[in-house]
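Those protein sequences? They're chains S and P, same order as listed. Take any residue in the first sequence, note its place counting from 1, add 20, and you have its number in this note's numbering. Take any residue in the second sequence, note its place counting from 1, add 2, and you have its number in this note's numbering.
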Amino acid sequence: KAGVTQTPRYLIKTRGQQVTLSCSPISGHRSVSWYQQTPGQGLQFLFEYFSETQRNKGNFPGRFSGRQFSNSRSEMNVSTLELGDSALYLCASRTGQGSTGELFFGEGSRLTVL
Amino acid sequence: AQSVTQPDIHITVSEGASLELRCNYSYGATPYLFWYVQSPGQGPQLLLKYFSGDTLVQGIKGFEAEFKRSQSSFNLRKPSVHWSDAAEYFCAVGAPGAGSYQLTFGKGTKLSVIP
């Protein structure tokens with residue numbers, strides 16, 4: 021069974037640009053969550069999608085957005101990039117059944133903003 | 003709101019020695035608790051989880067953790083560390099509710115292993 025796949029793995033952008041990151045969850049998983057990981061703040065929850073609906077959102081500005089498609093694949097977008105957006109962006113999927121269940125993480129997309 | 007504290011930023015142990023990584027949480031209800039391990043260039047991998055029942059839970063790679071409600075702790079242990087255990091370890095608390103699900107992570111403990 022293939023794991024969570026994130027693309028691209030690495031990217032470099034400049035301030036003011038926007039970026040779109042993609043996540044393909046494990047087959048059969050309907051919930052996709054996104055986390056930002058930085059050395060200073062650690063892992064922070066961005067948002068969760070289930071059946072194409074955003075179910076929860078963390079404390080991030082509106083520049084951070086996401087969506088989920090009917091095949092459960094998800095994208096997140098960051099507009100007007102700032103230096104502080106440099107981070108590892110992790111996608112995680114789970115089956116979505118009930119409110120428990122293990123989160124399976126991808127290897128992340130490392131974004132560098134210059 | 004829930005929070006997780008991992009008091010030790012970096013721990014160094016000798017191979018074969020025992021290990022205990024500390025985790026304290028703050029959550030108003032019965033918590034869902036997790037330990038994840040992350041190696042460089044990889045995403046976090048679940049070591050073990052506690053939802054209810056037996057307070058001593060076994061995980062992969064020989065790890066175990068004990069939930070102590072009175073101390074709001076969920077410490078991770080391993081009786082004999084292997085060099086391959088060197089990684090960063092994260093404790094997390096799950097906050098289900100309103101049909102959604104998110105984890106709050108501690109800042110992590112980096113484990114170094116001396117051969």
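Yeah, the Cβ is synthetic: ideal placement off N, Cα and C, and Gly gets one too.
Remark: fewer than three beta-carbon pairs, one from each stretch, lie closer than 8 Å, so the stretch 9-24 of chain P and the stretch 81-96 of chain S are not flagged as touching. Residues of the stretch 34-55 of chain P with a C-beta less than 9 Å from any C-beta of chain S: Tyr34, Phe36, Tyr38, Gln40, Gly43, Gln44, Gly45, Pro46, Gln47, Leu48, Lys51, Phe53, listed in chain order. Every candidate alpha helix (DSSP H) stretch fails here, since none sits fully inside the stretch 22-70 of chain S while reaching 4 residues. In the DSSP assignment, glutamate 17 of chain P falls outside any beta strand (DSSP E), carrying neither H nor E. Every beta strand (DSSP E) stretch that sits fully inside the stretch 18-62 of chain P and reaches 3 residues is listed by chain position as 21-23, 26-28, 34-40, 47-52, 58-60. Residue-level contact check: glycine 110 of chain P touches chain S, since one or more beta carbons of chain S fall below 8 Å from its beta carbon. Under the Cβ criterion of 8 Å, leucine 105 of chain P is counted among the residues facing chain S.
Between phenylalanine 84 of chain S and chain P, the shortest Cβ-Cβ separation is not below 8 Å.
The shortest C-alpha to C-alpha distance from serine 41 of chain P to any of P:Pro117, P:Trp85, P:Asn77, P:Ala94 is the one to P:Trp85. If you draw a straight line from the Cα of glutamine 61 of chain S to the Cα of tyrosine 55 of chain S, it is about 11 Å long. Each residue's CA atom was taken as its position, placing threonine 25 of chain S and glycine 128 of chain S some 8 Å apart.
By DSSP's assignment, serine 5 of chain P forms a beta bridge with P:Ser28. With at least 16 other beta carbons inside 10 angstroms of its own, glutamate 68 of chain S counts as buried.
Taking 8 Å as the CB threshold, phenylalanine 92 of chain P lines the interface with chain S. By the criterion of a C-beta distance shorter than 8 Å, aspartate 10 of chain P is surrounded in its chain by Leu23, Arg24, Thr111, once the five residues flanking it on both sides are discounted. Short of 6 Å from the beta carbon of serine 75 of chain P, and not among the five residues preceding or following it, lie these beta carbons of its own chain, in chain order: Asn26.
With a contact defined as Cβ atoms closer than 8 Å, glycine 36 of chain S and threonine 100 of chain S qualify at about 6 Å. By the criterion of a C-beta distance shorter than 7 Å, asparagine 77 of chain P is surrounded in its chain by Glu22, Leu23, Arg24, Cys25, Ala67, Glu68, once the five residues flanking it on both sides are discounted.
Glutamine 44 of chain P counts as exposed, since fewer than 16 other beta carbons sit within 10 angstroms of its beta carbon.
From the beta-carbon of phenylalanine 89 of chain S, no residue of chain P is found nearer than 9 Å; the closest lies around 19 Å away. Segment contact: the stretch 95-110 of chain S against the stretch 71-79 of chain S, fewer than three CB-CB distances shorter than 8 Å; contact not assigned.
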